[in-house]
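K.L.:
Under the UniProt record's numbering, the first residue of the first sequence carries the number 1, and numbering increases by one thereafter. Just so it is clear, CB atoms sit at the ideal spot from N, CA and C, and this is done for glycine as well.
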Amino acid sequence: MNTTTVTIPPLPADWPADETAARAVQDALRTRVVRDEPGPPPGTGHVTGVDVAYDDERDVVAAAVVVLDAASLAVVEEATAVGTVAFPYVPGLLAFRELPAVLAALDALTVDPGLVVCDGYGIAHPRRFGLASHLGVVTGRPTIGVAKNPFTFAHEEPGAARGGTAPLLDGTEEVGAALRTRDGVKPVFVSVGHRVDLARALAHTLHLTPRYRLPETTRKADALCRAALREATA
DNA sequence: GCGACAG
DNA sequence: ATCTTGTCGC
Numbered sequence: 001m002n003t004t005t006v007t008i009p010p011l012p013a014d015w016p017a018d019e020t021a022a023r024a025v026q027d028a029l030r031t032r033v034v035r036d037e038p039g040p041p042p043g044t045g046h047v048t049g050v051d052v053a054y055d056d057e058r059d060v061v062a063a064a065v066v067v068l069d070a071a072s073l074a075v076v077e078e079a080t081a082v083g084t085v086a087f088p089y090v091p092g093l094l095a096f097r098e099l100p101a102v103l104a105a106l107d108a109l110t111v112d113p114g115l116v117v118c119d120g121y122g123i124a125h126p127r128r129f130g131l132a133s134h135l136g137v138v139t140g141r142p143t144i145g146v147a148k149n150p151f152t153f154a155h156e157e158p159g160a161a162r163g164g165t166a167p168l169l170d171g172t173e174e175v176g177a178a179l180r181t182r183d184g185v186k187p188v189f190v191s192v193g194h195r196v197d198l199a200r201a202l203a204h205t206l207h208l209t210p211r212y213r214l215p216e217t218t219r220k221a222d223a224l225c226r227a228a229l230r231e232a233t234a
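Right, here's the structure in full:
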């Protein structure tokens with residue numbers, strides 16, 4: 001298994017400088033989200049986890065992408081990218097903080113990432129364009145979002161057994177689902193990113209949680225980006 | 001106007 | 001996200 005580490009390239013000249021500019025970019029891209037394709041079936045090809053860690057004191061960011069064989073969940077390849085924070089954390093604008101690092105790490109891969117699983121939301125977003133959808137549109141790849149918190153959305157309690165679901169609601173609109181990945185454990189919040197439908201996004205999430213609440217993809221990416229940050233900061 | 005708010 | 005000890009359990 002091969003691990004590559006790269007430096008994040010300079011931001012594009014047109015990278016949004018403030019919240020207003022960032023929202024304008026979202027409005028220009030949000031119409032390109034594809035949510036009616038079923039997407040790849042679980043257990044086939046590759047599944048890639050993405051996560052990012054920060055040291056806000058030193059203004060350093062580290063992203064990790066970990067490619068798994070979808071059938072065995074064995075690590076196939078991984079990459080990290082380290083650089084300078086691109087945007088402050090603003091709820092609803094997370095993609096502008098995380099994307100430059102994530103894209104740099106993805107570019108360093110030598111294999112097809114397959115389905116990309118993000119730590120956060122897809123179309124469950126105030127303008128239906130969260131991190132997973134943004135990453136999907138920019139790369140053209142199938143993506144889903146699996147978040148640890150319900151953000152601003154409402155939901156009923158899913159059934160207590162693994163596999164239980166409940167609609168995730170923005171007012172009356174269904175934007176995703178709360179999904180119980182382990183018996184009796186707090187649910188995760190799944191939404192469509194790009195080129196995958198919700199039923200398949202849920203199936204993928206269950207396939208990736210044979211043992212823990214969070215998908216193996218995010219668990220491994222989380223461990224790797226933290227290690228990369230420690231190394232870059234040391 | 002105020003509070004809440006993925007990571 | 002990040003700051004943080006001990007502790008219960010497999």
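(1) Quick one: what's got a C-beta closer than 8 Å to R127's C-beta in the same chain, skipping five residues either side?
(2) Under 8 Å: do the region 103 to 116 and the region 140 to 147 share three or more Cβ pairs, one atom per stretch?
(3) Considering only C-alpha positions, which residue in the set T5, E173 and E157 is nearest to G83?
(4) Taking the DSSP output, what are the residues bridged to N149?
(5) For P12, is the classification buried or exposed, using 16 other Cβ atoms within 10 angstroms of its Cβ as the cut-off for buried?
(6) Along the chain, where does the alpha helix (DSSP H) that runs through A161 open and close?
(7) For P167, which residues from the same chain have a beta carbon less than 7 Å from its beta carbon, with the 5 sequence-adjacent residues on both sides left out?
(8) Would you identify the three-state DSSP class for G193, choosing helix, strand or coil?
(9) What are the boundary residues of the alpha helix (DSSP H) that includes A108?
(10) So, does the region 96 to 105 touch the region 41 to 61, judging by three or more C-beta pairs under 8 Å?
(11) For S72, count neighbouring C-beta atoms within 10 Å of its own C-beta (all shown protein chains included) and say buried if the count is 16 or more, exposed if not.
(12) If distances are taken between C-alpha atoms only, which option among L224, C225 and I8 comes closest to D107?
(13) Do you know offhand how far T152's Cα is from L131's?
(14) On a Cα-Cα basis, can you pick out the residue from A124, D222 and L229 that is closest to V192?
(15) Please classify V90: does DSSP put it in a helix, a strand, or coil?
P.N.:
If we stick to the structure as given:
(1) The answer, listed in chain order, is R23, Q26, D27, R30 and G92.
(2) yes
(3) T5
(4) Paired residue(s): none; N149 is not in a bridge.
(5) exposed
(6) Premise fails: A161 is in no alpha helix (DSSP H) and is neither H nor E.
(7) H155, E174 and A177
(8) strand
(9) Counting along the chain, A108 falls outside any alpha helix (DSSP H), and DSSP gives it neither H nor E.
(10) Three or more beta-carbon pairs drawn from the region 96 to 105 and the region 41 to 61 are found closer than 8 Å, and the two stretches are therefore classed as touching.
(11) exposed
(12) I8
(13) 15 Å
(14) Minimum Cα distance to V192 is reached at A124.
(15) coil
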